[in-house]
């Protein structure tokens with residue numbers, strides 16, 4: 001069975017990164033955008049990462065400019081924005097498409113595993129997918145769902161409840 005650990009993504013510098021490195025760890029995968037009204041969620045995502053990284057949780061950020069082009073074209077500006085404004089230290093990757101003919105294969109998989117309310121399409125920036133340690137996509141969260149509001153689900157995946 002295919003899991004998110006079976007995909008290769010690009011680092012901000014354009015190098016291949018095999019998600020298999022995270023096999024056995026729970027993941028919170030998020031499509032991000034620096035100029036989005038939900039960008040303050042970077043702070044909550046970082047807090048979750050800081051609180052649970054020693055328990056194995058990895059937050060993965062995937063910049064995306066498909067929604068009103070709310071992401072920098074230059075990935076270096078994205079990285080600087082995230083670090084300067086939100087002290088982001090969780091892994092961020094190269095800009096990707098989450099919908100359409102150029103959808104990254106990881107996102108095709110995520111959407112196949114957890115459909116949205118009315119469609120499998122990603123509707124906006126900061127859609128979140130929670131993956132358990134076995135690679136099962138256990139939950140999809142709407143962009144407006146704040147990171148702190150999913151902490152209980154993260155605790156369950158980590159076996160803390």
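Numbering (the UniProt record's numbering), first residue to last: 1 to 161.
Just so you know, even glycine gets a beta-carbon here, dropped at the ideal spot from N, CA and C.
Query: Does the segment 147-154 come close enough to the segment 35-48 to have 3 or more Cβ pairs within less than 8 Å?; Result: yes
Query: Once the 5 residues before and after residue 36 are set aside, which same chain residues still bring their CB inside 6 Å of it?; Result: 70, 125
Query: CA-CA distance, residue 42 and residue 52?; Result: 15 Å
Query: Rank 94, 79, 96, 95 by C-alpha distance to the C-alpha of residue 88 and give the top, closest one.; Result: 79
Query: Below 8 Å on the Cβ atoms is my contact criterion, and I expect residue 113 with residue 98 to pass it. Report the Cβ-Cβ distance as a whole number of Å.; Result: Not quite, the Cβ-Cβ distance comes to about 14 Å (not below 8 Å), so this is no contact.
Query: Do the CB positions of residue 9 and residue 30 come within less than 8 Å of each other?; Result: no
Query: When you compare each of 24, 156, 93 to residue 64 by their alpha carbons, which one comes out closest?; Result: 93
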